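Participant: Following our numbering, the numbering of the sequence shown begins with 132 at its first residue and continues without gaps.
Would you mind keeping the following structure in view while I ask a few things?
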Amino acid sequence: MNSHSNKNITGKSAFISLLKQEGVTHLFGNPGTTELPIMDALTDHPDLNYVLGLQEATVVAMADGFSRATGRLTACNVHVAPGLGNAMGSLYNAKFFGSPVILTAGQQEQGHGLTEPMLYDQLVPIAAPLVKWAVEVTRLEDLPRIVHRAAKVALTPPTGPVFISLPGDILNEEGLLNLGSTTRVDTSARPTDEVLQSFAERILIAKAPVIVSGHEVATHDALDEVGQLAEVLGAPIYQQTVPYGAHAKSESPCFMGGLPRVQAQARKILDNYDLMICVGADVFECRFSAKWIHSQNQ
132 MNSHSNKNIT GKSAFISLLK QEGVTHLFGN PGTTELPIMD ALTDHPDLNY
182 VLGLQEATVV AMADGFSRAT GRLTACNVHV APGLGNAMGS LYNAKFFGSP
232 VILTAGQQEQ GHGLTEPMLY DQLVPIAAPL VKWAVEVTRL EDLPRIVHRA
282 AKVALTPPTG PVFISLPGDI LNEEGLLNLG STTRVDTSAR PTDEVLQSFA
332 ERILIAKAPV IVSGHEVATH DALDEVGQLA EVLGAPIYQQ TVPYGAHAKS
382 ESPCFMGGLP RVQAQARKIL DNYDLMICVG ADVFECRFSA KWIHSQNQ
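Have a look at this one:
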């Protein structure tokens, strides 16, 4: 039976099936009672790898790291409000890097939540500041649309994490569902000939160009290309002030390390050049005034 056909299925099994349909191969988690339906459904889906973590910060960090290393959509599941709170530091890192992660949390049954049981709180407002989209599933028939939209939003540049709250009654409910299909937004674009011509002209007249390489170079596996450009131009390569990883190959003779976070020091370096080429970088994302730094060199 294909995904476009209606079939009788539980919310928990539909959720796992939808993750797999979106290309998710690993689910990182630290389950509690509200996540037991998902754990039960996993027994029918042995091809989805479950990775257990002992605390939610570790769980989200593993999902973030897996997404960075593979460049793929990843999913993780935490335990209600306290678990989501534990995960916030790692969720911030995922947002900072732009990792496409679907973060979910089990939630108390919707009727039971009205009694404000132990460990209960509204999850969407907690997650919302650090994700591209946050939503709670309130009807089983909405689950496919929500998971597909979450994946699309997470993977559409600028990429980043999304959040889904999963009430227990939705996961345990059974109904006739159409699982739908994946949706992707093609954001690939080529600069116009005029822009490329202008860029080439500026490079040709520059006497001392410098390249600042950022995390998007690594994300798009373009380290070799940036290195080749630097060697052709005879230009040094600096990493952005806050590197998220290796943004240039350290063995390259053009590699000069990272730009310092102290604004005066970074400017002193860049003042030696007449053209700065920023490749996938936020050059001054972190900077400090020199008066804040206690150093004999200031």
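Note that CB positions come from ideal geometry on N, CA and C, so glycine has one too.
Because the structure is a prediction, the values reported are computed rather than measured.
What number of angstroms, rounded off, separates the C-alpha of residue 206 from the C-alpha of residue 222?
Facilitator: In the sequence shown, the residue the question calls residue 206 occupies position 75. In the sequence shown, the residue the question calls residue 222 occupies position 91. Approximately 12 Å, taken between the alpha carbons.
Participant: Do residue 411 and residue 346 have their C-beta atoms closer together than 8 Å?
Facilitator: As a working note, residue 411 is residue 280 in the sequence shown. As a working note, residue 346 is residue 215 in the sequence shown. Cβ distance < 8 Å, so residue 411 and residue 346 count as in contact.
Participant: Quick check: the Cα distance between residue 365 and residue 285, rounded to an integer number of angstroms?
Facilitator: Working through the sequence shown from its first residue, we reach residue 365 at position 234. Working through the sequence shown from its first residue, we reach residue 285 at position 154. C-alpha separation (whole angstroms): 38 Å.
Participant: Quick check on this structure: which residue in 373, 350, 380 and 298 has the alpha carbon closest to the alpha carbon of residue 195?
Facilitator: Start at 1 with the first residue of the sequence shown, and residue 195 comes out as number 64. It is 350.
Participant: Mind reading off the beta-carbon distance from residue 333 to residue 401? Whole number of angstroms is fine, and I expect it under 8 Å.
Facilitator: Start at 1 with the first residue of the sequence shown, and residue 333 comes out as number 202. Start at 1 with the first residue of the sequence shown, and residue 401 comes out as number 270. So it is not a contact: roughly 16 Å between Cβ atoms.
Participant: Have a look at residue 340 and residue 358 and give me their C-alpha separation to the nearest angstrom.
Facilitator: By one-based count along the sequence shown, residue 340 stands at place 209. By one-based count along the sequence shown, residue 358 stands at place 227. Looking at the two C-alpha atoms, the distance is approximately 14 Å.
Participant: Taking its Cβ as the centre, do 16 or more other Cβ atoms sit within 10 Å of residue 297, making it buried, or is it exposed?
Facilitator: Taking the sequence shown and counting its residues from 1, the one referred to as residue 297 is at position 166. Classification for residue 297: buried.
Participant: Please report the distance separating the alpha-carbon of residue 144 from that of residue 262.
Facilitator: Along the sequence shown, one-based indexing puts residue 144 at 13. Along the sequence shown, one-based indexing puts residue 262 at 131. The alpha-carbon atoms of residue 144 and residue 262 are separated by roughly 25 Å.
Participant: In whole angstroms, what separates the C-alpha of residue 428 from that of residue 330?
Facilitator: The residue labelled residue 428 in the question sits at position 297 within the sequence shown. The residue labelled residue 330 in the question sits at position 199 within the sequence shown. Note that residue 428 has pLDDT 40, beneath the 50 cutoff, so the model's placement of it is unreliable and the number below is only indicative. If you take the alpha carbons of residue 428 and residue 330, they lie about 37 Å apart.
Participant: Confirm, please, whether the CB-CB distance from residue 204 to residue 282 is below 8 Å.
Facilitator: Walking along the sequence shown from the start, residue 282 turns up at place 151. Walking along the sequence shown from the start, residue 204 turns up at place 73. Against a cut-off of 8 Å, the Cβ pair of residue 204 and residue 282 comes out as a contact.
Participant: DSSP has residue 344 in a bridge; who is on the other side?
Facilitator: By one-based count along the sequence shown, residue 344 stands at place 213. Answer is 370 and 410, bridged to residue 344.
Participant: Looking only at its chain, what residues have a beta carbon closer than 7 Å to the beta carbon of residue 142, apart from the 5 residues adjacent to it on each side?
Facilitator: Working through the sequence shown from its first residue, we reach residue 142 at position 11. 271, 274, 301, 302, 303 and 304, listed in sequence order.
Participant: Does residue 138 come out as helix, strand or coil in the three-state DSSP assignment?
Facilitator: On the sequence shown, residue 138 is found 7 positions in, with the first residue counted as 1. Strand, per DSSP.
Participant: So, at 6 Å on beta carbons, what are the nonlocal neighbours of residue 311 in its own chain, with the 5 sequence-adjacent residues on each side left out?
Facilitator: In the sequence shown, counting from the first residue as 1, residue 311 sits at position 180. Cβ neighbours of residue 311 beyond the five flanking positions: 275 and 279.
Participant: Are the beta-carbon atoms belonging to residue 369 and residue 348 less than 8 Å from one another?
Facilitator: One-based indexing of the sequence shown puts residue 369 at position 238. One-based indexing of the sequence shown puts residue 348 at position 217. No; because the gap between Cβ atoms is not below 8 Å, this pair is not in contact.
Participant: Just to confirm the assignment, what range does the beta strand (DSSP E) spanning residue 235 have?
Facilitator: If you number the sequence shown from 1, residue 235 lands on position 104. Here the beta strand (DSSP E) through residue 235 covers 232–238.
Participant: Any idea which residues DSSP pairs residue 298 with across the strands?
Facilitator: Counting from one through the sequence shown, the residue named residue 298 turns up at place 167. According to DSSP, which records beta bridges pairwise, residue 298 is partnered with 238.
Participant: Where residue 397 and residue 324 are concerned, what is the direct C-alpha to C-alpha distance, given to the nearest angstrom?
Facilitator: In the sequence shown, the residue the question calls residue 397 occupies position 266. In the sequence shown, the residue the question calls residue 324 occupies position 193. In a straight line, the C-alpha of residue 397 is about 33 Å away from that of residue 324.
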